[in-house]
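Working notes, structure below.
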Amino acid sequence: MSTPALSVNWRAAARIRHGHVWVYRSDLVGDDHLPPGSLVRVQDEAGKYLGTALYSSSSQIALRMLASERLEPAGLVELLRQRLLAAIAYRERIVRDSDACRLVFSEGDGLPGLIVDRYNDILSFQVLTQAMDRDDIRAVVLRTLLEPLHPAAVVERVEPRIRQLEQLPPQEEGLRHGEKTSTIFTMNGVRFQFHALAGQKTGAFLDQRENYAAAAQYARGEALDMFCYQGGFALHMARVCAHVTAVDSSRPALEIAERNEELNAGAHAGREIEWIEANAFDLLKDYATAGRQYDTIVLDPPPFAKSHKALPTALRGYKELNLRALKMLRPGGALVTCSCSFHVGEEDFLEMLRAAAFDARKSPKIIERRGQARDHPVLLAVPETAYLKCVILTL
Ligand code: SAH
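Residue numbers (my numbering): 78 to 472.
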């Protein structure tokens, strides 16, 4: 079987030549009735070879570039195996003080459509594209993960909406290897529980791993963790702060956060975290009116901008939060402020912070401009692989 060819317009060709890895459906030229998930040879309108890609028959992103060299279908599985081993080796070099990390970050690791997370001895993977859902590819992924890592279990996480968009058949979430479905993992010396399947799922925002450590470095005194989820920042800050208040609107998330606190009881020198179930916007307003002040504030809201169109509204939301936080921050204190909205660029985020500081009549200094942890690699040529912003300010 040889690799079928697909032509793309000049715009997509130029992007590919600059190292980008996505081709939108609207940039395909001519017929594209190929089997879902096939390997294709990509060429420009003049028939000049551009690279090899994986094809999706339904996604807006019709092609995800895989390699600049020519590749036959028979070589695909071996290429993916090599990429997977390289992704694992990269984590061995850069992940410190943690037995949890993202082992495979899709395009960031040259494995478009595959996410693999490690939580101590359990691996959790998710398939996002037709190509990665192919039986032959699933088999090599599983085999390659088992070989060097010997996990106690491998589970598959499923997001039905993504499978629908990719026109993939429904898939049951569950174990693909071993029996174990829960474990305890450690990040920067802080312990967390992980339940892969039953009931309320647990885990962590692995992309914040290095930012947790950074926040702990500046945190002191009275700390406020807004949008705390299962306690990532709060648990790190409890080791160094006199008092931590942590807020989330989700009761199940807070229940797990409290159990995580118990897991770390020894490390907090008897200090309890105050977990509060509330809407962060309302609570910040109340606290500001009451004149509350903090030495450390973390803002890590959910992605406000789900599309580019939602950007102005999202920025207003971020500004309100940051304005109030800056007003409540004591001199010398630290504000750790994050945005995981893919559609909010770093410059948009900084501009929003400038406006918030201006309205709050404050002149903060930037101590650090950070992003997602290094186990979520950003491709230089693909700005879309960077999504997390984390700015640390002080007054
Ligand atoms: N900081 C966390 C991750 C935050 S994810 C960590 O490092 O693990 C965003 C969190 O915001 C979710 O837990 C969600 O329940 C919560 N959330 C969403 N809207 C909210 C609101 N209006 N007020 C308070 N919490 C909210």
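The beta-carbon is built from N, C-alpha and C at its ideal position, and this holds for glycine as well.
Determine the direct distance from the alpha carbon of residue j to that of residue i, and round the result to whole angstroms.
i	j	result
Ile353	Leu406	19 Å
Ser145	Met314	45 Å
Val324	Gln285	17 Å
Gln270	Tyr126	49 Å
Thr462	Leu200	22 Å
Pro225	Leu361	48 Å
Ser259	Tyr289	23 Å
Glu72	Gly266	Here the chain has residues from 78 to 472 only, and residue 72 is not among them.
Ala229	Asp198	5 Å
Glu256	Pro329	25 Å
Cys305	Ser326	9 Å
Val459	Gly96	7 Å
Thr414	Ala296	13 Å
Gln159	Arg220	12 Å
Ser175	Arg168	11 Å
Leu157	Ala163	10 Å
Glu424	Leu430	10 Å
Phe310	Ile469	13 Å
Pro408	Leu465	27 Å
Ile239	Ser103	20 Å
Val231	Asp363	45 Å
Val204	Gln307	25 Å
Val235	Val217	19 Å
Thr480	Ala291	Absent from the model: residue 480. The displayed extent of the chain is 78 to 472, so no value can be given.
Ile477	Leu252	Since the first residue of the chain shown is 78 and the last is 472, residue 477 is not available in this structure.
Val421	Ala382	7 Å
Ile192	Gly368	44 Å
Leu222	Leu400	46 Å
Arg147	Pro379	41 Å
Asp213	Val154	8 Å
Leu340	Ala319	19 Å
Arg195	Glu287	16 Å
Leu388	Ser418	9 Å
Ser115	Glu299	55 Å
At a threshold of 8 Å, does residue i count as lining ligand 1 (C-beta to nearest heavy atom)?
i	result
Ala355	yes
Gln285	yes
Gln307	yes
Phe271	no
Asp377	yes
Tyr101	no
Ala281	yes
Ser134	no
Tyr289	yes
Ala330	yes
Phe358	yes
Phe419	no
Val321	no
Val98	no
Ser326	yes
Asp425	no
Asp194	no
Asp302	yes
Phe262	no
Phe182	no
Phe435	no
I think residue i touches residue j, with their Cβ atoms under 8 Å apart; what is that distance to the nearest whole Å?
i	j	result
Asp121	Trp87	7 Å
Leu140	Val119	6 Å
Ala432	Ser440	Contact doesn't hold; Cβ gap of about 13 Å is too wide.
Asp372	Gly410	4 Å
Leu111	Thr129	The Cβ separation is near 13 Å, so there is no contact.
Met303	Ala365	The pair is not a contact, with the Cβ atoms about 12 Å apart (cut-off 8 Å).
Ala89	Val98	Incorrect: roughly 11 Å between the Cβ atoms, too far for contact.
Pro42	Val117	Because the chain is modelled from 78 through 472, residue 42 falls outside the range shown and cannot be assessed.
Arg316	Ala344	6 Å
On the DSSP bridge assignment, give the partners of residue i in chain order.
i	result
Glu445	Ile469
His320	Glu299
Val375	Asp302, Val413
Gly128	Val119
His272	Ser259
Ile214	DSSP output for Ile214 lists no bridge partner at all.
Trp99	Arg141
Measuring CB atoms only, is the segment 449-463 touching the segment 176-188, in the sense that at least three cross pairs come out at less than 8 Å? Flag = yes, the segment 449-463 and the segment 176-188 touch.
Could you say if the segment 243-256 and the segment 132-139 meet the contact criterion of at least three C-beta pairs nearer than 8 Å? The segment 243-256 is in contact with the segment 132-139.
So does the segment 441-448 actually touch the segment 388-397, counting three or more Cβ pairs closer than 8 Å? No, the segment 441-448 is not in contact with the segment 388-397.
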